[in-house]
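Asks:
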Amino acid sequence: MKLRIPFIDFLKTIAILGVIIIHVSSRALINYEVASVNWNLSVFWGAVVRWSVPVFLMCSGVLFLNSDKNVSIKRIFSKYLPRLIVALVFWAVLYEACDVYLNYVHTGFIELSVLKESVKNLLTCNTHFHLYYLYIIILIYALIPIIRVFTNAADRRQIEYALCAWFVLGIVYPFIVKFYPFNMLKGIVVQYKIAMAYSSVGYFILGHYLHKYTLSKKTNYIMYLLGAAGFATTLAGTIYRSESSNTLNTLFLEGMSPNVVLMACAIFLLARNINVIFKSDKVLKLFGFISQGSFCVYLFHDFINIAYRELKIESTIANPVISIPFLTLINLGISLLVYIILSKIPLVRKYLI
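Number 359 marks the last residue of the sequence shown (my numbering); no jumps.
1) Does DSSP put I312 in a helix, in a strand, or in coil?
2) What did DSSP end up calling I328 once you bin it into helix, strand or coil?
3) State the DSSP-derived secondary structure class of D105, mapped to helix, strand or coil.
4) Since S297 and D15 should fall inside the 8 Å C-beta cutoff, what is the C-beta to C-beta distance between them, to a whole number of angstroms?
5) Straight-line CA distance for G339 to H112?
6) To the nearest angstrom, how far is it from the Cα of L87 to the Cα of L69?
7) Spatial neighbours of N127 within its chain, please: CB distance less than 7 Å, with the 5 preceding and 5 following residues excluded, ordered by chain position.
8) If I'm right that V267 touches I165 with Cβ under 8 Å, what's the distance once you round it to whole angstroms?
9) Could you have a look at H134 and say whether DSSP puts it in helix, strand or coil?
10) Buried or exposed: where does I346 fall if 16 or more other Cβ atoms within 10 Å of its Cβ makes it buried?
11) Looking at the unbroken alpha helix (DSSP H) that takes in I200, where does it start and where does it end?
12) Let me know if P60 comes out buried or exposed under the rule of 16 or more other beta-carbons within 10 Å of its beta-carbon.
13) Is it buried or exposed for M190, if we count other Cβ within 10 angstroms and need 16 for buried?
Here it is as structure tokens:
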């Protein structure tokens, strides 16, 4: 039986809620007029949970970079990677089939061009938008043996140095080169930045570091303040740049932006340091259940969002203060029900969820 870490279960629970909120609110950001009150409220919802995917990566870092965990190369390539690849292919095909079916519903016949496009999408890895996370996780899992050599051998100061290098080259530099005067840089220095997929490894190591080492009370409070500043920057930056161009600008919403990194650190530390919510056995069981089902919920939940769109039940049906959390909770409930059903099928439980 797996030994559960209560604050990790809690983080995965709120992270999957955050992911659903992001995807529900994204439709509102498209449907509402930029700078309108409801659009600004939708930006708020999207901004306040932007740390969700980074926190998922950090939680995985805690679990897989634990020196006591058996994560041999054989185990990775015989267990973890096959499961991810099979799940990716299965759900990618399912979402493409859904697109073909909806096209049939809307047109009355199956268009050959749509079928060809779906096959092309699968062959070129241009799959349903939220499955990008699986591509990143596959890459990280393949690199785990190398990462563990470093994290097992490095002392605290060396890990901090690596994290600083990641923050500068994988987070700050790719962000600032989009602004003047850094956007005028030419030549080899432009290539100093770490590509987003590889930069995700930094979150993996960051989660391991923040779990393994205890920060001082003062440092924790500073990180909480920086996290709040990160949220304010995410919200204000998105509103300002979007209103300036009269179209949604997602630069400050990106998971690899400095402001989102600060939010993710603050949320992680807050969950790690506040134990009062973990006193109840019922609460712990609830978090454990949702945490276990979070992968399935992540894979399935956008089918519910697709159903919302087809049934004209979108976040614009009411004030976003109410509609976005309401639709999110319904989505989570249905997705968890699907998880309960699918988890009773052994092969599905092993490879697809």
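From the three backbone atoms N, C-alpha and C, an ideal C-beta is built for every residue, glycine too.
Only a predicted model underlies this, so the values are computations on that prediction, with no experimental measurement involved.
Replies: For this structure:
1) helix
2) helix
3) helix
4) 4 Å
5) G339 and H112: Cα-Cα distance of roughly 28 Å.
6) 16 Å
7) E102, T133
8) Not really, about 16 Å apart at Cβ, beyond 8 Å.
9) coil
10) exposed
11) In the DSSP annotation of this structure, I200 is not part of any alpha helix (DSSP H), being labelled neither H nor E.
12) buried
13) exposed
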